[in-house]
Amino acid sequence: MTADSGHARPADEPGAHPPASLPGNLAETLRYGPFHRALHDAIAHRGLSLARLRAHLEQQGVQVGQSTLSYWQRGLRHPEVPRAIATVRALETVLRLPPESLVALVGNRPQPRLARPHGWVSPVPVLTEFEAVTDVGANTDIEVVSVHDTVLIGPEREQRSITTRIVVRAAKAGPDRFLAVHQGDEGCLIDNALVRPGEGCRLGRLRRQSATRGLAFELLFDRRLAEGEEHVFSFTVVDDTGGPTPGHRRTFREPCRSYLLQLAFNRRALPARCTKQFRVDAETPPVDLEELVCGLGGYASAYFEDIGPGIAAISVEWT
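Just so we're aligned: 225 in UniProt numbering is position 225 of the sequence shown, and the numbers increase by one with no gaps anywhere.
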């Protein structure tokens, strides 16, 4: 007769089983790396979603964002030494890997160099020029938490306006403005574009560059944000002089929890096809392709979770 000292742990709980024998491909990547491939293969072997993995780590007393785990396993970010070593060791426990197997693959490795294509918050010449003549940096003390873009498209297939609502969080005390960039479609007259601030901000300095169809502008808050404080603001760019729009894209330099992009078409000019896509940089082919339905009311919507760095877009094809 054996004594039962407690309830058995569910099979998916960390620590329920000791590290088991590993399949050949996982054993090889754990031995030779790179880190992101080993982590990806280990997660796939355990059959855990990133949400479940994050929950198991929290049970171990380790706080890490789901987006961070996603970037680590995709090779878009690398664990920082020594700050992330405890998290990596917890991953070994949850994923039932031999001790120090992931830690051995962590080192001071260069971050991927991302190309910065034309688009919002991309370093188009007008942004470089704006920063050169002002004391404004590109939002270095602000974390973008959530973005919602609504693009209104007119009867001539032209982009008419982009209304943006953003949730930001201050990385440290002091930020009182946000620097945004707009890039007009082919053929537009950027000198005619207007910026209309909405809730939570007012318009500051603005600079245009006709040759690149670029527009850079400040959105001023009513006060300086405290460290960790969140702020919601909105604005609309009216730019309706371009030709048929190829769609809309937004460039994220840093991770963002959520991005909702909606294109609102005129019922007299509906698209032949709309495609959701994401790409790491301007020079790589898009991934996560998904054909969208232009539903009732002429809206095509794409939602991106735990996105960036990279470019999120809806591309449009016309008949």
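Every residue, glycine too, gets a C-beta built ideally from N, C-alpha and C.
If you ignore the 5 residues before and after cysteine 188, its C-beta comes within less than 7 Å of the C-beta of Arg213, Asp239, Thr241, Gly242, all in its own chain and listed in chain order. The three-state reading of DSSP puts glutamine 73 in helix, counting H, G and I together. Less than 8 Å separates the beta-carbon of valine 167 from that of valine 145. Taking 8 Å as the cut-off, the Cβ atoms of leucine 179 and arginine 202 do not count as close. Closest in alpha carbon position to glutamine 277, among Leu105, Val316, Asp191, Glu199, is Val316.
In the three-state reduction of the DSSP assignment, alanine 264 falls in the strand class, which pools E and B.
Segment contact: the segment 259-276 against the segment 298-318, three or more CB-CB distances shorter than 8 Å; contact assigned. An exposed status is given to glycine 228, since fewer than 16 other beta-carbon atoms sit within 10 Å of its beta-carbon. Taking a C-beta distance under 8 Å as the contact criterion, leucine 50 and leucine 26 do not qualify as a contact pair.
Just so you know, the alpha carbons of arginine 37 and alanine 313 end up roughly 26 Å apart. Considering only Phe252, Gly204, Glu199, Ser210, the residue with the shortest C-alpha distance to histidine 231 is Glu199.
Among the bridge pairs identified by DSSP, arginine 273 is matched with Glu317. When only Cα atoms are considered, threonine 251 and valine 88 end up about 29 Å apart. In its chain, beyond the 5 residues on either side, Leu215, Val237 have a beta carbon closer than 6 Å to the beta carbon of histidine 182. Per DSSP, arginine 37 lies in no beta strand (DSSP E) segment; the continuous alpha helix (DSSP H) that holds it begins and ends at 35-46.
Ranked by Cα distance from aspartate 281, the options Leu53, Gly297, Gly310 are led by Gly310. Here glutamate 80 is exposed. Its C-beta has fewer than 16 other C-beta atoms within 10 Å. For histidine 40 against aspartate 149, the beta-carbon gap comes to about 30 Å, at or over 8 Å, which does not count as contact.
Distance from the CA of arginine 253 to the CA of glycine 308, rounded to the nearest whole angstrom, comes to 7 Å. By the neighbour-count criterion, in which a residue is buried when 16 or more other Cβ atoms sit within 10 angstroms of its Cβ, glycine 297 is exposed.
Distance from glycine 33 to leucine 91 at the Cβ level is roughly 15 Å; contact not present, criterion being Cβ atoms closer than 8 Å. In the three-state DSSP reduction, glutamate 80 falls in the coil class, being neither helix nor strand. Rounded to the nearest angstrom, the gap between the Cα atoms of asparagine 192 and threonine 284 is 33 Å. Following the DSSP letters along the chain, one finds glutamate 28 inside the alpha helix (DSSP H) bounded by residues 24-32. The beta-bridge partner set that DSSP reports for glutamate 291 consists of Thr275. Residue pairing for arginine 169: DSSP places it in a beta bridge opposite Glu143, Glu230. Linking isoleucine 162 to arginine 267 through their CA atoms gives a straight-line distance of about 18 Å. Taking C-beta atoms under 8 Å as the contact rule, leucine 225 and proline 286 fail to qualify, at a distance of about 35 Å. Considering only Val147, Arg177, Ala173, Lys172, the residue with the shortest C-alpha distance to arginine 165 is Val147.
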